[in-house]
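So for the sequence shown, the working numbering puts the first residue at -2; every next one is plus one.
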Amino acid sequence: MNAQQAVAAALRHKTIIPAFNIPYLPMVEPVVQAIIDENSVAMVQVARLEWEKFESQSPEAVAKEYFKFCKEGYTLLHLDHVPAIDEDQKNVDFLPLLKRALDAGYQSVMIDGSRLPLAQNIAVTQQAADLAAKYGSAVEAELGAVAGHEGAGIGLSYEELFTSKKGFTKTEEATQFARESGCDWLSVAAGSFHGAIAAATKHLKKPEARLDIEHIAELSAATGHMPLVLHGGSGIKQEYILRAMENGIAKINVATEIRQPYEFALEEKPGDIAYAQQEVYDRTCWVLHNFLHTTGNHDRLGGDNR
């Protein structure tokens, strides 16, 4: 089962593929072990900012750790957020980064052109899709602005942001994007937001978020029921995520929920990596079993290779 098959199967079965971010290399082993022990199907992923601003080093370093512990049919390796323009508003030479990941064995990659005008976002996504096609890999893209470190909604409270739908993915743009970009999965903005990455705020608990389920259903229909992706998965009220699965969300990114236990553990017991890894393992199991209800998904998805 490759990444494209897994996400497509999750959409059909109205379940979800969790994708766990790796800002620190020692997190790979406990995340992978939790996925296997929960008899689930999930992704290990790393974003550019996590080797630029945290300690995951490089996409190759994460791949090296991943392939030590992965288990075929249960775990998948995904390259998260490689932006065309990054969170510091700098242009990024994204194609070489995508190629490095694909050469290292990543089964799917994400190009993030969401800070660009629609036509340019489509154009960079087409470039990424053309490259990934040579490797038989899937491409995720983003349309709309998920609030948080990307800067959407600055100066607005969460309630103001949600009510105004500032940055939400536009339905008519989603139709065009799905038709022209060549992407396989589309990350959409419908109420979630990213966790903080600045040193002064990254330890703060994320405010609770909700999702506009009706808008997600409209986006699913507008894209021809392309698998949709939810970024900023940590901190969303569970009821909204479970309803989102019923309405087109097939992949969810989880970062803050497992990063903070690792960081807090090392603050409590400096240098005790094994203790921090156990905290990550326990929290990953909780996300899979208690929060997303994906324990046992391998039995449903493993044989569905359409």
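Idealized CB from N, CA, C, for every residue including glycine.
In the three-state reduction of the DSSP assignment, residue 165 falls in the coil class, being assigned neither a helical nor a strand state. A buried status is given to residue 31, since no fewer than 16 other beta-carbon atoms sit within 10 Å of its beta-carbon.
Straight across, the Cα-Cα distance linking residue 178 with residue 124 is about 9 Å. Looking at the DSSP output, residue 137 bridges to 107 and 182. Look at residue 89 here: in three-state DSSP terms it is coil, with no helix or strand label. Residue nearest to residue 73 within the set 62, 183, 79 and 82 is 62 (criterion: CA-CA distance). Under the three-state reduction of DSSP, residue 248 is assigned to strand. Under the rule that a run must span 4 or more residues, the alpha helix (DSSP H) segments found entirely inside the stretch 42 to 100 read 45 to 49 and 56 to 66.
In this structure, 111 is the residue among 111, 242 and 67 with its C-alpha nearest to the C-alpha of residue 167. Within its own chain, the residues whose Cβ lies closer than 6 Å to the Cβ of residue 281, once the five positions on either side in sequence are excluded, are 28, 31 and 255, listed in chain order.
In this structure the stretch 257 to 267 does not lie against the stretch 204 to 220, because fewer than three pairs of beta carbons, one per stretch, are closer than 8 Å. Taking 8 Å as the cut-off, the beta carbon of residue 42 is found closer than this to the beta carbon of residue 76. Counting only residues of its own chain and dropping the five nearest sequence neighbours on each side, residue 14 has a CB closer than 7 Å to the CB of 3, 4, 7, 38, 39, 40, 247 and 248. Under the three-state reduction of DSSP, residue 36 is assigned to coil, being neither helix nor strand. By the 16-neighbour rule on beta-carbons within 10 angstroms, residue 49 is exposed.
Residue 45 sits buried, since 16 or more C-beta atoms from the chains shown fall within 10 Å of its C-beta. Residue 86 and residue 96 have their C-alpha atoms spaced approximately 22 Å apart. If you draw a straight line from the Cα of residue 181 to the Cα of residue 266, it comes to about 43 Å. Taking the C-beta atoms as reference points, residue 186 is found no nearer than 8 Å to residue 223. With a cutoff of 8 Å on beta-carbon distance, residue 25 and residue 66 are scored as near each other. For residue 137, the closest C-alpha among the options 92, 93 and 184 is that of 184. In this structure, the straight-line span from the alpha carbon of residue 235 to that of residue 288 is close to 6 Å. Spanning the alpha carbons of residue 1 and residue 130 requires a straight line of approximately 12 Å. Contact between residue 297 and residue 12 holds: their C-beta atoms lie close to 7 Å from each other, under 8 Å. In the three-state reduction of the DSSP assignment, residue 18 falls in the strand class, which pools E and B. A Cβ-Cβ distance of about 7 Å is found for the pair residue 251 and residue 16, placing them in contact under the 8 Å criterion.
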